[in-house]
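Worksheet: the structure to be examined is printed underneath.
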Amino acid sequence: MAFSVIYSPVFLEHKPENYHPENPERLLRAVKALQRLDLWKPVEPVPVPGEELLKVHSKEYVELVRERSKGFSYLDPDTYVSPGTWEAALRAFGAAKKAVELALNEKGLYLALVRPPGHHAGKSGRAFNASTLGFCIFNNAAYAAKVAEDLVGKVLVIDFDAHHGNGTQEILWDDGEAVHIDLHEREVFPWSGYEHEVGGKGAEGTKINLPMPHYAGDDDFIYAWNEVVLPVLAQFRPKLVIISAGFDGFLGENLTTLRLSELFFAYAGSTLSRYPLAVIFEGGYSVGLDRGLPAFIRGTSAVKSVRFL
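So, in structure tokens, the structure goes:
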């Protein structure tokens, strides 16, 4: 499977003034993990025009972020913007778009290694009455889904971040062309993503939530993957799979109680190896980046057939 990373040092310019778990160092940690696999020769993304943000966000929210990013401030108790946020966000959308285009044209795995993350960002900011944006600014994965729909029609999004991708679900809620499967720990932030949340009118059944119990591990996730994700893949036969790839469920990450290891991430990757993959980086702050991210890529066999652009 061909593989490339879409990355820019501009992503490091979205940064806090003091300690914050979502910081530039986590991206550098992911870079080092890929370098250890000898998988580091990035493609520089082109920033999208600002109006592209309106494909998934309201004009009012976009303008709020643009204005607040002229300095450093907090949009809410969890989520900051800085003078580097706006440009980083435009390039993150550019990376997501590039990942979709390359996956469709080159039939491989293309990792948009981006910051700021996005899957909690809804159309107008906080989604489904969440208390905060959960470190996210604009929704890279939802934008990737819209780009893919324009190119191939129906699209499949799979989110295995430890937290529910409430922003992605909200943006795609009434979109019957987008199937969104979300595996996450139940009853943690953002306090959504339950089984009864199946999509809006005309899109019922296209939103599939798999809220996992506290302390769930590899066996639990692999069981859910086999029972739900693989049958959907077999029935849907997507031309492209978009992955919201969070590695914060790895044992030792400590933002949730999940106990995942390399086993689940490698297994998930192995079952996706026949599909073009646009992988959008979400959560992961420590050991999940060191071990979970490389395991997922190894699972797809990308390590055995590396193609740099």
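Residues in the sequence shown are numbered from 1 upward in steps of one, following the numbering used here.
In this text, a Cβ means the ideal position worked out from N, Cα and C, and glycines have one as well.
It should be emphasised that the depicted structure is a prediction, and the values quoted were computed from it without experimental measurement.
Quick one: give me the first and last residue of the beta strand (DSSP E) that Ala112 is part of. The residue given as residue 112 occupies position 112 in the sequence shown. Segment Gly108 to Ala112, the beta strand (DSSP E) holding Ala112.
Open item on the list: Rounding to the nearest angstrom, what Cα-Cα distance links Val228 and Ile208 in this structure?
Closed with: Your numbering for residue 228 matches position 228 in the sequence shown. Your numbering for residue 208 matches position 208 in the sequence shown. Taking the straight line joining both Cα atoms gives about 9 Å.
_What would DSSP say about Ala216, mapped onto helix, strand or coil?_
Walking along the sequence shown from the start, residue 216 turns up at place 216. Correct three-state label for Ala216: coil.
Notebook entry, point to check: For Leu277, which residues does DSSP report across the bridge?
Noted result: Start at 1 with the first residue of the sequence shown, and residue 277 comes out as number 277. Answer is Leu109 and Val241.
Q) Where Leu90 and Gly252 are concerned, what is the direct C-alpha to C-alpha distance, given to the nearest angstrom? A) Residue numbering aside, residue 90 sits at position 90 when the sequence shown is read from its first letter. Residue numbering aside, residue 252 sits at position 252 when the sequence shown is read from its first letter. Spanning the two alpha carbons is a distance of roughly 32 Å.
Q. Do Val43 and Ile6 have their CB atoms nearer than 8 Å?
A. Against the sequence shown, residue 43 aligns to sequence position 43. Against the sequence shown, residue 6 aligns to sequence position 6. Yes, Cβ-Cβ distance for Val43 and Ile6 is below 8 Å.
Using the beta-carbon count (16 or more within 10 Å), is Pro213 buried or exposed? By 1-based counting over the sequence shown, the position of residue 213 is 213. Exposed: under 16 other Cβ atoms inside 10 Å.
*Roughly how many angstroms separate the alpha carbons of Phe247 and Gly283, rounded to a whole number?*
Translated into the one-based positions of the sequence shown, residue 247 becomes position 247. Translated into the one-based positions of the sequence shown, residue 283 becomes position 283. One C-alpha to the other measures close to 6 Å.
Can you tell me whether Ala245 is buried or exposed? The criterion is at least 16 other CB atoms within 10 Å of its CB, across all chains shown.
Within the sequence shown, residue 245 is the residue found at index 245, counting from 1. Buried, by the Cβ-count rule.
Quiz item: Contact check, Phe93 vs Phe138 under 8 Å by CB: the rounded distance?
Solution: Within the sequence shown, numbered from 1, the residue matching residue 93 stands at position 93. Within the sequence shown, numbered from 1, the residue matching residue 138 stands at position 138. Contact holds; Cβ gap of about 7 Å.
ask   = Nearest-angstrom Cα distance between Leu233 and Glu185?
value = Numbered from its first residue, the sequence shown carries residue 233 at position 233. Numbered from its first residue, the sequence shown carries residue 185 at position 185. For Leu233 and Glu185, the distance between alpha carbons rounds to 22 Å.
Closest Cα partner of Glu25 within the set Leu277, Val114 and Thr271: Translated into positions along the sequence shown, residue 25 becomes position 25. Among Leu277, Val114 and Thr271, the Cα nearest to that of Glu25 is on Val114.
- Message: Rounded to the nearest angstrom, what separates Glu195 and Asn129 at their Cα positions?
- Response: The residue given as residue 195 occupies position 195 in the sequence shown. The residue given as residue 129 occupies position 129 in the sequence shown. Rounded to whole angstroms, Glu195 to Asn129 spans 17 Å at the Cα level.
Report task. Could you give the DSSP three-state label for Gly288: helix, strand or coil? Result -> Start at 1 with the first residue of the sequence shown, and residue 288 comes out as number 288. Here Gly288 sits in helix by DSSP.
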